[in-house]
Every structure is written in C-alpha cells, then in structure tokens.
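Have a look at the structure below before the remarks.
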Amino acid sequence: MSAELRGIILFMSCVKEINVNKQYGQLWLDFMSAILAFTVFIITYLPMNYLFPDTVINTESLSIFTLFLIGLYPIHKLIHYIPLMPVNKNIKKSLELRSKCVPMIQLKVNEPVPKLMYLSALIAPILFINGTLLLLMLSFQQYGAFFIILLSLHIGLSCRDLIYIKIVMNTPKFSYIEENEVGLNILIQIKETR
0 MSAELRGIIL FMSCVKEINV NKQYGQLWLD FMSAILAFTV FIITYLPMNY
50 LFPDTVINTE SLSIFTLFLI GLYPIHKLIH YIPLMPVNKN IKKSLELRSK
100 CVPMIQLKVN EPVPKLMYLS ALIAPILFIN GTLLLLMLSF QQYGAFFIIL
150 LSLHIGLSCR DLIYIKIVMN TPKFSYIEEN EVGLNILIQI KETR
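Right, here's the structure in full:
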C-alpha cells in the first residue's frame with residue numbers, strides 16, 4: 000500500500016459497525032438463503048417449462064452437473080477475490096470448517112479498501128456466475144433444469160452478499176470498508192486538526 004494511502008488510513012473514523020450474524024442470526028441467514036434459492040427455482044423453472052415445453056431433460060450428464068455443483072462455491076469465492084487483487088497482500092486467505100464438517104473458504108481484507116472496490120468484489124460473482132448460468136440455460140435447454148438448480152443454489156449462496164451490498168450501498172460516497180472478526184466497519188476520512 001502506498002505511503003499516501005497509508006497516510007489517509009491513519010485519519011479514518013468508524014461511523015458504523017455491521018455484524019450481520021448478530022443482527023440477523025446464523026439460523027435466519029441460512030433460512031433466508033434456502034427460501035431465496037427455492038423462490039428463484041420456482042420463478043425460473045416455470046417460465047422455462049412454458050417457453051420450451053417440448054424440451055426433454057438430458058440426465059446422462061449428471062456427473063458434469065455434480066462437478067459444476069462442487070465447483071460453484073470455490074468459483075464464487077475466486078470471483079470475489081479478483082476485484083481485490085490490487086490489495087492482495089492485505090487479504091488473508093484461509094480454509095475453515097463450519098460445524099466441524101463443511102469446508103468454508105475465508106477471504107478477509109485486513110486493511111480498509113474503498114467502497115467501490117469492496118462493492119465490486121461483492122457484486123462480481125453475482126453478475127458473472129448468474130449471467131453465465133442464465134446464458135447456458137437458454138443455450139442448452141436439454142440441461143436447463145440443471146442450470147436452474149445451479150442458479151438457484153448460487154443465488155441462495157449469495158444471500159449474505161446481497162445483504163452486505165444493500166448495507167454498503169447506503170454508506171457515504173467516499174467511505175472505506177474494513178473487515179474484522181465479526182463483520183464490517185464503515186470508515187470515513189476525517190480532516191487532520193492542527
């Protein structure tokens with residue numbers, strides 16, 4: 000990080016702390032993710048059947064679908080990382096077990112980053128993966144049901160990102176976002192007093 004940016008960070012004030020787990024609860028977040036995934040499945044599957052009524056679902060490629068399903072979460076995390084690459088040395092990457100059995104990839108930004116950079120990291124997987132899955136669904140109707148399942152699961156996976164996007168969008172224009180152990184700090188630059 001440049002000395003100029005480091006100097007700016009020294010003069011930051013935290014205007015808001017956000018702890019989504021404490022605010023909503025992990026159970027509620029998991030429940031909302033499931034409801035969101037189910038709703039998206041219904042909303043996309045019904046029109047798909049209406050638009051392409053004669054499509055026969057090809058189940059021969061179930062192994063490819065399984066690979067896509069397994070790769071969905073790591074690809075989602077990788078796309079989160081791409082917009083943050085300019086601050087790579089400030090990102091802590093780790094693999095943790097949730098409930099002692101579910102591996103979770105953690106990316107934690109150790110230094111404050113500009114609001115737009117953080118927003119782009121939150122939005123990137125939603126736009127890229129969902130757009131790709133919609134395009135594949137329309138291009139290969141015989142696998143449409145599989146792509147709809149993947150799309151639904153990905154949107155459910157993105158539920159927490161959507162909550163953070165809503166929160167970060169409502170912060171001051173030139174704010175910085177800093178992650179800590181429990182959530183986010185919204186920082187604004189303050190003027191030095193002499």
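Be aware that the sequence shown starts at 0, since it is given in numbering that gives the first Met the number 0, and climbs by one per residue.
Every residue, glycine too, gets a C-beta built ideally from N, C-alpha and C.
These figures come from a predicted structure and were not determined experimentally.
Same chain, Cβ closer than 6 Å to K76, five either side skipped, listed in chain order = As a working mapping, residue 76 is identified with position 77 in the sequence shown. Contacts found: I104.
The alpha helix (DSSP H) spanning Y80 covers which residue range?
-> Within the sequence shown, numbered from 1, the residue matching residue 80 stands at position 81. Y80 -> alpha helix (DSSP H) spans 61-80.
For E95, which residues from the same chain have a beta carbon less than 7 Å from its beta carbon, with the 5 sequence-adjacent residues on both sides left out?
-> For the purposes of this step, residue 95 is taken as residue 96 along the sequence shown, with counting starting at 1. The residues are M103, Q105.
Check the DSSP bridge columns for P102 and list the partner residues they point to.
-> To locate residue 102, count along the sequence shown from 1; it is residue 103. DSSP output for P102 lists L96 as bridge partner(s).
Among H153, L115, C13, F145, nearest to F127 - alpha-carbon criterion = Position 128 of the sequence shown, counting from 1, holds the residue named residue 127. If we check each option's Cα against that of F127, H153 comes out closest.
Collapsed DSSP secondary structure at I189 in the structure displayed = Against the sequence shown, residue 189 aligns to sequence position 190. Residue state, collapsed to three classes: coil.
Is I34 close to chain C, meaning its C-beta is less than 8 Å from at least one C-beta of that chain?
-> Judged by its chain identifiers, the structure shown contains no chain C, having just a single protein chain.
Own chain residues within Cβ distance below 7 Å of R159, not counting five before or after = Counting from 1 along the sequence shown, the entry for residue 159 is found at position 160. Only V19, L28 meet the Cβ criterion.
Leaving out five residues on either side along the sequence, give the residues of the same chain with a beta carbon under 6 Å from the beta carbon of E16.
-> Taking the sequence shown and counting its residues from 1, one reaches residue 16 at position 17. Cβ neighbours of E16 beyond the five flanking positions: N184.
Where P196 falls: helix, strand or coil (DSSP) = Residue 196 falls outside the range modelled here, since the chain spans only 0 to 193, and no answer is possible.
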